[in-house]
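As structure tokens, the structure follows; a few thoughts come after it.
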Amino acid sequence: MFTSVMSMGIFAVWVPAALIAQRINNGNRLQFSWKKVLAGCPAWMRNSAYAIFIYAFVNFFLSIAVGMTGLRVFSGHWMIFYGMAFCIFFSSWNLPSLLAPRHCPAGHEVAHGNNFCPVCGLPADHSSQDA
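Pasting the structure below:
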């Protein structure tokens, strides 16, 4: 029962987190950047998220190699999804400008990582730029 609830709960938090991450990246799936998505998180939180990611993969492969089954094998996956969802929510709450679109003077939308408009080349509006 616990395993099912934890596995189903991932969808409850991950779907909104993925939508927020996509919005922060301006819907650009080809140039997805965790650095942009986690810009509102403190350094210790970003580093912890990366450490959990590494731990989960090491845990998964070592557990399979020694023949373990059950909770031990999948607990790292839960940590990744719940932890990264929390980091995404925290980042967007802590730095709401990540969700606000930026525009050039001509009105074209400019990604948060760009200083100039990809359409017309004008400088991006810095009033809504994240710090």
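In this note's numbering, the protein residues as written are 24 to 154.
Where a beta carbon is used, it is the ideal one built from N, C-alpha and C, also for glycine.
Please read all numbers here as calculations on a predicted model, not as lab measurements.
Using only the alpha-carbon positions, how far apart do residue i and residue j sit?
i: K59; j: F104; result: 18 Å
i: G93; j: F84; result: 13 Å
i: A35; j: M91; result: 28 Å
i: C143; j: S115; result: 29 Å
i: F55; j: A88; result: 32 Å
i: R95; j: Y73; result: 20 Å
i: I77; j: P119; result: 28 Å
i: E132; j: W37; result: 26 Å
i: G130; j: A147; result: 10 Å
i: T26; j: I75; result: 19 Å
In three-state terms, what does DSSP make of residue i?
i: H100; result: helix
i: R52; result: coil
i: L141; result: Looking at the sequence shown, residue 141 is not Leu but Pro. The answer is coil: DSSP assigns P141 none of H, G, I, E or B.
i: P65; result: coil
i: G93; result: coil
i: M5; result: With the chain covering 24 to 154 only, the question about residue 5 has no answer from this structure.
i: L23; result: Since the first residue of the chain shown is 24 and the last is 154, residue 23 is not available in this structure.
i: I43; result: helix
Less than 8 Å between C-beta atoms, sequence neighbours within five positions excluded: which residues of the same chain meet that for residue i?
i: N117; result: G63 and C64
i: M68; result: L61, C110 and F113
i: R52; result: Q45
Sort out for me which residues DSSP pairs residue i with in a bridge.
i: H126; result: E132
i: P146; result: F139
Would you mind working out which of the options sits nearest residue i, comparing C-alpha positions?
i: S30; options: M102, A123 and H126; result: M102
i: L121; options: A129, C127, A134 and Y78; result: A134
i: R125; options: R46, F80 and S71; result: R46
i: L42; options: G32, S86 and A108; result: A108
i: V81; options: F139, H100 and V28; result: H100
Mind checking if residue i is an interface residue toward chain B, Cβ cutoff 8 Å exclusive?
i: E132; result: Annotation note: the requested chain B is absent from the structure, which comprises a single protein chain.
Tell me which residues share the same chain as residue i and place their Cβ nearer than 6 Å to its Cβ, disregarding the 5 neighbours each side in the sequence.
i: P128; result: L145
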